[in-house]
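In the working numbering, the protein residues as written are 223 to 532.
Worksheet: one structure, shown below.
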């Protein structure tokens with residue numbers, strides 16, 4: 223126990239030191255592009271640990287309100303409308319939900335982590351069906367969920383399971399890949415997943431400090447980012463989003479920044495203005511809509527911030 227406490231203390235001191243380096247690194251003229259604040263949402267709904275966001279075609283915003291075991295819905299002005307879900311194990315209830323995806327402006331898929339399942343709702347919050355996340359007869363706690371552009375493959379990241387699993391819409395396991403490790407195609411706590419316009423899957427590989435990109439049948443393509451605190455490097459990535467042009471946005475929860483990579487996976491800039499990066503409060507899940515607005519879940523501030531990308 224003493225050794226464990228020492229290791230935790232050493233890790234904490236190391237993290238603080240690296241964070242200080244990160245703050246110094248981002249202060250020296252890093253390429254930035256401006257963002258214009260639109261609205262901050264959550265106070266009227268009393269959000270608690272919001273982890274992920276999606277937006278439908280009408281601009282309605284769906285926030286995984288993890289600390290309250292629900293999904294909160296806001297209009298396009300950020301005003302609270304209603305929510306669905308509550309704490310529990312019954313259909314339509316949640317236990318520590320984390321990730322959310324939207325498909326064809328019709329379906330909401332929610333990673334119900336504590337209940338080891340994916341639940342599928344319509345946009346009103348009506349439960350349609352659910353399926354358990356099981357691998358080799360063992361329950362897997364899903365962290366995020368994404369769906370391909372054809373709507374016939376659901377990708378689920380199992381964080382402590384270190385694996386990506388692929389299901390059809392009926393919840394049948396079609397494929398899987400990964401395992402614990404640092405080599406290409408392996409993971410150390412995969413988190414957020416997103417599908418690009420060209421149907422590739424981007425997976426945040428948290429402790430390997432990278433985003434891995436996969437093609438058909440889980441074929442490894444490349445990494446976005448690497449360990450470090452300099453531009454194009456990641457210290458503790460948490461969220462990933464891809465816009466309609468294939469531009470990639472990655473949130474870094476420790477450094478508090480969102481880095482942008484172009485459609486050829488090259489570092490482009492950090493969100494900010496006049497060489498000064500915008501520092502978010504523990505950014506996790508992110509989403510970019512068709513109007514080039516970016517939605518950032520600032521988890522420990524219990525809010526979602528919305529900005530117009532310039």
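Glycine included, every Cβ here is placed at the ideal spot set by N, Cα and C.
On the criterion of 16 or more Cβ atoms from any shown chain inside 10 Å, does residue 527 qualify as buried, or is it exposed?
By one-based count along the chain shown, residue 527 stands at place 305. For residue 527, the number of other beta carbons within 10 angstroms of its own is at least 16, and it is reported as buried.
If you count every other CB in all the chains shown that lies within 10 Å of the CB of residue 500, and 16 or more means buried, which is it?
Residue numbering aside, residue 500 sits at position 278 when the chain shown is read from its first letter. Residue 500 is buried by the Cβ-count criterion.
Alpha carbon of residue 463 to alpha carbon of residue 415, nearest angstrom:
As a position in the chain shown, residue 463 is number 241, starting the count at 1. As a position in the chain shown, residue 415 is number 193, starting the count at 1. Cα-Cα distance, rounded: 8 Å.
For the beta strand (DSSP E) containing residue 397, list its first residue and its last residue.
For the purposes of this step, residue 397 is identified with residue 175 of the chain shown, where counting begins at 1. From DSSP, the beta strand (DSSP E) with residue 397 extends over 395–400.
Name the DSSP bridge partner or partners of residue 470?
For this step, residue 470 is matched to residue 248 along the chain shown. Per DSSP, the beta bridge partners of residue 470 are 464 and 483.
Would DSSP call residue 336 helix, strand or coil?
Here residue 336 refers to the residue found at position 114 when the chain shown is read from its first residue. Correct three-state label for residue 336: helix.
Decide if residue 396 is buried, meaning its Cβ has at least 16 other Cβ atoms within 10 Å, or exposed.
Stepping through the chain shown from its first residue, residue 396 is reached at position 174. Label assigned to residue 396: exposed.
Around the Cβ of residue 351, are there at least 16 other Cβ atoms within 10 angstroms (buried) or fewer (exposed)?
In the chain shown, the residue the question calls residue 351 occupies position 129. It is exposed - the Cβ of residue 351 has fewer than 16 other Cβ atoms within 10 Å.
Got a sec, what are the start and stop residues for the beta strand (DSSP E) residue 520 sits in?
Walking along the chain shown from the start, residue 520 turns up at place 298. Start and end: 515–520.
Best match in 394, 336 and 492 for proximity to residue 357 [C-alpha to C-alpha]
Looking up residue 357 in the chain shown gives position 135. Ranking the options by Cα distance to residue 357, first place goes to 394.
For residue 533, name the three-state secondary structure that DSSP assigns.
Examination of residue 533 is not possible in this model, given that the chain is present from 223 through 532 alone.
Those residues which DSSP pairs with residue 360 across a bridge
Within the chain shown, numbered from 1, the residue matching residue 360 stands at position 138. Per DSSP, 357.
Tell me whether the segment 408–422 and the segment 445–458 touch, counting them as touching only if at least three CB pairs, one residue from each stretch, are closer than 8 Å.
no
As a quick exercise: from 331, 444 and 469, pick the residue whose alpha carbon is nearest that of residue 510.
Locating residue 510 in the chain shown gives position 288, counting from the first residue. The residue with the shortest Cα to Cα distance from residue 510 is 469.
I'd like the list of long-range same chain contacts for residue 424, defined as Cβ closer than 6 Å, with 5 residues on each side in sequence excluded.
For this step, residue 424 is matched to residue 202 along the chain shown. Hits under 6 Å: 416, 433, 435 and 462.
When the Cα atoms are used, what is the spatial distance from residue 383 to residue 408?
As a working mapping, residue 383 is identified with position 161 in the chain shown. As a working mapping, residue 408 is identified with position 186 in the chain shown. Going from the Cα of residue 383 to the Cα of residue 408 covers about 11 Å.
Give a yes or no on contact between the segment 306–319 and the segment 258–265, applying the rule of three or more CB pairs nearer than 8 Å.
Output reads no: the segment 258–265 does not touch the segment 306–319.
Helix, strand or coil for residue 439 per DSSP?
Here residue 439 refers to the residue found at position 217 when the chain shown is read from its first residue. If DSSP states are grouped into helix, strand and coil, residue 439 belongs with the helices.
Could you check which residue in 426, 490 and 266 has the C-alpha nearest to that of residue 525?
Along the chain shown, read from residue 1 onward, the residue named residue 525 stands at position 303. Minimum Cα distance to residue 525 is reached at 266.
According to DSSP, is residue 248 helix, strand or coil?
Numbered from 1 along the chain shown, position 26 holds the residue referred to as residue 248. Note on residue 248: pLDDT 47, under 50, position unreliable in the model; the coordinate value appears next. Here residue 248 sits in coil by DSSP.
CA-to-CA distance, residue 495 to residue 314, given in whole angstroms
Counting from 1 along the chain shown, the entry for residue 314 is found at position 92. Counting from 1 along the chain shown, the entry for residue 495 is found at position 273. Residue 314 and residue 495: Cα-Cα distance of roughly 42 Å.
For the beta strand (DSSP E) containing residue 323, list its first residue and its last residue.
Here residue 323 refers to the residue found at position 101 of the chain shown. From DSSP, the beta strand (DSSP E) with residue 323 extends over 322–325.
Tell me whether residue 512 is buried or exposed, calling it buried when 16 or more other Cβ atoms sit within 10 Å of its Cβ.
As a first step, residue 512 must be located in the chain shown, where it is residue number 290. Residue 512 should be labelled exposed.
Buried or exposed: residue 519, going by 16 or more other Cβ atoms within 10 Å of its Cβ?
On the chain shown, position 297 is the one that residue 519 refers to. Answer is buried; the Cβ neighbour count reaches 16.
Rounded straight-line distance, which links the Cα of residue 399 to that of residue 294
As a position in the chain shown, residue 294 is number 72, starting the count at 1. As a position in the chain shown, residue 399 is number 177, starting the count at 1. About 32 Å.
Sub-8 Å separation of residue 392 and residue 322 beta-carbons
Residue 392 sits at position 170 when you count from the first residue of the chain shown. Residue 322 sits at position 100 when you count from the first residue of the chain shown. Against a cut-off of 8 Å, the Cβ pair of residue 322 and residue 392 comes out as no contact.
With H, G and I counted as helix, E and B as strand and the rest as coil, what does DSSP make of residue 523?
Position 301 of the chain shown, counted from the start, is the residue given in the question as residue 523. In this structure, residue 523 counts as helix in the three-state DSSP scheme.
Within the same chain, show all residues whose beta-carbon is closer than 6 Å to that of residue 481, passing over the 5 residues directly before and after it, in chain order.
Translated into positions along the chain shown, residue 481 becomes position 259. Closer than 6 Å at Cβ, skipping near neighbours: 472 and 492.
List the residues that DSSP assigns as beta-bridge partners of residue 502.
Mapped onto the chain shown, residue 502 falls at position 280. Residue 502 pairs with nothing; no bridge assigned.
Does residue 360 pass the burial test, meaning 16 or more other C-beta atoms within 10 Å, or should it be called exposed?
As a working mapping, residue 360 is identified with position 138 in the chain shown. Counting Cβ neighbours within 10 Å, residue 360 comes out exposed, since fewer than 16 surround it.
Measure the Cβ-Cβ separation of residue 380 and residue 364 and say whether it is below 8 Å.
In the chain shown, residue 380 corresponds to position 158, counting from 1. In the chain shown, residue 364 corresponds to position 142, counting from 1. Going by C-beta atoms, residue 380 is nearer than 8 Å to residue 364.
Own chain partners of residue 465 with C-beta closer than 6 Å, once the 5 adjacent residues on each side are dropped:
In the chain shown, the residue the question calls residue 465 occupies position 243. Excluding positions up to five away in sequence, the list reads 510.
Please go through the same chain and pick out, in chain order, the residues whose beta-carbon is closer than 6 Å to the beta-carbon of residue 489, but skip the five residues on each side of it.
Here the question's residue 489 lines up with position 267 in the chain shown. Hits under 6 Å: 453, 454 and 483.
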